[in-house]
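Using the working numbering, read the sequence shown as starting at 3 and increasing by one per residue. Below is one structure, written out as structure tokens; the observations come after it.
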Amino acid sequence: MANLNREEPRILGPIPGPLAAAWLERDLRVMSPSYTRTYPLVVRRARGAMIEDMDGNLFLDFTAGIAVTNAGHSHPKVVAAIRKQAGRLIHMSGTDFYYTPQVQLAERLAAIVPGPEPKRVFFTNSGAEAIEAALKLARRHTGRNRALAFINAFHGRTYGAMSLSGSKPLQRRGFSPLVPEIHHARYGDLDSVRALLKTICPPEELAAIFVEPIQGEGGYVVPPPDFLPGLRKLCDEHKVLLVFDEVQSGFGRTGKMFAEEHWGLAGDIICLAKGIANGLPLGAIVARASVMDWPSGSHASTFGGNPVACAAALASLDLIEQKYRANAVRRGDQMRKGLLAMADRYPFIHDVRGLGLMIGVEIRGTDGEPDPHLRDTIIELAFRRGLLLLPCGPSTIRFCPPLCLTGRQVEIGLGLVDAAMAAALAGMQAAREEREQAVARGGV
Ligand SMILES: Cc1ncc(COP(=O)(O)O)c(C=O)c1O
């Protein structure tokens, strides 16, 4: 087995190797074809920011399993907490019974989520379930039907979450009818919200505005400075609930515990998942206590707030608070600087943006238009060199590594991005020369 304590990737041969290839074949036969696999990585083990595949290849992970393992893969303290809790109690259902890790985690979350009012917590198993819970709570609390969300937003795949999302036609195609009375405005554009309130969305019928403080799947988009404060003001004016979807941006990812803190804001409801339990399935909504006023039996979940997941979350929170949130600021600055320096050399880098270790690099073609093919080529070339990246938005490369990343790992990762981009540029030049030669020969 490979040494997962090293900081450099190590590629032993063609990927997938023979063991991974056999698993890919088995997967192809039985798994749903709806998944969106980016490249043929079959993971055997992981530690910190390093991943080992089935054939002993070592990768540097700039994905954290889609912004989830914020304290690093299999952090020993999280593993110890999981082991200890699993030995005591794995399940009893927080819906019908009481157990201590759930109360402890609720107390921690209620204390750290922004806003002066006391809070209450409802636990779920995923981000989409947190969104569903927030939508149900918002409707029930306000007695209003409508909700407003944004173009390019992503809130999940269940019916309420899918109806709030405004991301890709493929995510909706064939699934109608969706949840009615949901409107979409342009992200970052307060006028487009005001226009909806003046035309087709009477504000007195609007229960909640759902917004990602930084759009995630939409392309790691940081909104203009006045946007989120403006939404807060509009919500207060019309007694509409502001729901922050911090499923991807929460738990130190942006250098603050929650991204809304960059604007000094507090939502009425906050949706959490991904980074909460360092990889165990858990989500939550945290709401002002006066908002979470639904009666017993109106919403519940068998598994949500499972004791093992809560124990993992408590251990992971300690680590994020003690060191990894601050590390995200330092390593994020280092990574952004390195990527910005590359923008001078690679004409296809249109933008480098983001906060902390939630960074997007937008790729555009020579015509200035988003170039998803080129973006995917760069990600593939990086993978072949041992660096794991993911796409987001129409043509953005997403950088969301574990927050425990070292300075050396940032350097190594940047070197691999540079090499992948250099290879992509060389490929583009070679293709152009070939076309020119064909034209000169009177071909195309
Ligand atoms: C902002 C945001 N909200 C909600 C979700 C849905 O979370 P899950 O996949 O856990 O259902 C995601 C997932 O990517 C997300 O990024």
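Heads up, the beta-carbon is just placed ideally off N, CA and C, and yes, glycines get one too.
For the beta strand (DSSP E) that residue i lies in, which residues bound it at each end?
i	result
Asp1	Nothing in the structure corresponds to residue 1, since the chain is present only between 3 and 446.
Val245	Leu243 to Asp247
His185	Ile184 to Ala187
Ile271	Ile271 to Leu274
His352	Ile351 to Leu357
Phe177	Taken as a continuous stretch (DSSP letters only), Phe177 belongs to no beta strand (DSSP E), as it is neither H nor E.
Ala151	Arg148 to Phe152
Pro393	Leu392 to Cys394
Are the beta-carbon atoms belonging to residue i and residue j less than 9 Å from one another?
i	j	result
Leu233	His185	no
Leu62	Pro11	yes
Gly358	Gly254	yes
Gly429	Val224	no
Tyr326	Leu405	yes
Gly307	Ala286	yes
Arg110	Leu418	no
Pro297	Phe64	no
Leu107	Ala210	no
Gly218	Phe156	yes
Ala343	Gly129	no
Leu243	Ile272	no
Val213	Asp247	yes
Ile133	Arg386	no
Arg332	Gly266	no
Thr144	Lys235	no
Val45	Asp55	yes
Glu207	Arg146	yes
Glu364	Asp378	no
Gly277	Asn72	yes
Ile92	Ala314	no
Gly340	Glu413	yes
Leu321	Val80	yes
Ala51	Gly74	yes
Tyr101	Pro309	yes
Pro393	Pro374	yes
Give the range of the alpha helix (DSSP H) segment to which residue i is assigned.
i	result
Asp193	Leu192 to Lys200
Glu134	Gly129 to Thr144
Ile322	Segment: none, Ile322 is in no alpha helix (DSSP H) and carries neither H nor E.
Cys237	Phe229 to His240
Val331	Arg327 to Ala345
Val123	Per DSSP, Val123 belongs to no alpha helix (DSSP H); it is in the beta strand (DSSP E), Lys121 to Thr126.
Arg2	Absent from the model: residue 2. The displayed extent of the chain is 3 to 446, so no value can be given.
Ala163	Tyr161 to Leu166
Looking at the structure shown, is residue i part of a helix, part of a strand, or coil, going by DSSP?
i	result
Arg110	helix
Asp420	helix
Gln104	helix
Gln250	coil
His301	coil
Leu316	helix
His264	helix
Gly362	strand
Asn280	strand
Gly221	coil
Ile211	strand
Ala48	strand
Gly429	helix
Asp295	coil
Glu1	Since the displayed the chain opens at 3 and closes at 446, residue 1 lies outside it and no answer follows.
Met410	Strictly speaking, residue 410 in this sequence is Arg, with Met absent from that position. Helix at Arg410.
Ala289	strand
Asp369	coil
Leu21	helix
Leu91	coil
Asp29	helix
Leu62	strand
Ile53	strand
Let me check understanding here. Comparing Cα to Cα, which of the options lies closest to residue i?
i	options	result
Pro78	Gly362, Gly176 and Asn280	Asn280
Ile202	Ala187, Leu243, Ile153 and Leu91	Ala187
Leu390	Met94, Leu21 and Tyr41	Tyr41
Gly190	Met33, Gly218, Pro227 and Asp247	Pro227
Glu323	Leu30, Pro283, Gly340 and Gly252	Gly252
Arg366	Ala384, Ile399, Pro283 and Glu183	Ile399
Ala426	Ala88, Ala442 and Ile381	Ile381
His264	Pro283, Glu9 and Leu230	Leu230
Met294	Arg122, Gly117, Ala432 and Ile84	Arg122
Val249	Asp238, Glu262 and Ile13	Glu262
Ala163	Ala135, Leu192, Pro283 and Gln104	Ala135
Gly415	Val195, Leu60, Ala113 and Glu435	Leu60
Phe305	Gln87, Thr97 and Asp57	Thr97
Phe125	Pro103, Leu198, Met259 and Arg443	Pro103
Under 8 Å: does the beta carbon of residue i sit that close to some heavy atom of ligand 3?
i	result
Cys273	As presented, the structure is devoid of ligand 3, carrying ligand 1 as its sole ligands.
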